[in-house]
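Novice:
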Amino acid sequence: MEQLDTDLDYSVSKARSDAKKRFNTLYLLPILGVLVIAFLILAVIFQLSIDTIVSSFMSFFIVLFFIVAGLMFWAMRPETSR
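Quick note: the sequence shown, position 64, residue 469 per our numbering, numbers continuous.
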């Protein structure tokens with residue numbers, strides 16, 4: 406009868422970054438949305454003229470769209486098995 410191999414070799418591996426932690430960066434987007442809605446509500450309540458900032462506001466949203474798309478691809482990327 407053969408003896409059992411009881412010599413265990415423990416390998417040390419680097420701690421992987423948790424994939425769920427990457428999704429935590431996406432929590433900034435609802436906060437930004439709440440700030441924009443609060444700004445619009447204040448503009449309605451106090452009858453502020455926002456004509457001068459509409460074009461820059463829309464440019465901001467276009468840039469924000471591409472940032473959101475990039476963040477989604479970054480957060481959902483698969484883990485590498487190296």
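All residues carry an ideal CB built from backbone N, CA and C; glycine is no exception.
With H, G and I counted as helix, E and B as strand and the rest as coil, what does DSSP make of T457?
Specialist: helix
Novice: Write down the C-beta distance between L440 and L476 rounded to the nearest angstrom, noting that I regard them as a contact closer than 8 angstroms.
Specialist: Distance from L440 to L476 at the Cβ level is roughly 17 angstroms; contact not present, criterion being Cβ atoms closer than 8 angstroms.
Novice: Measuring alpha carbon to alpha carbon, tell me which of N429, L434, D412, K425 ends up nearest M466.
Specialist: Note that residue 466 is Phe in the sequence shown, not Met. Among N429, L434, D412, K425, the Cα nearest to that of F466 belongs to L434.
Novice: How is F470 classed by DSSP in three states: helix, strand or coil?
Specialist: helix
Novice: Would you tell me roughly how many angstroms separate the C-alpha atoms of A443 and S454, rounded to the nearest one?
Specialist: Looking at the two C-alpha atoms, the distance is approximately 15 angstroms.
Novice: Is T430 helix, strand or coil when you go by DSSP?
Specialist: helix
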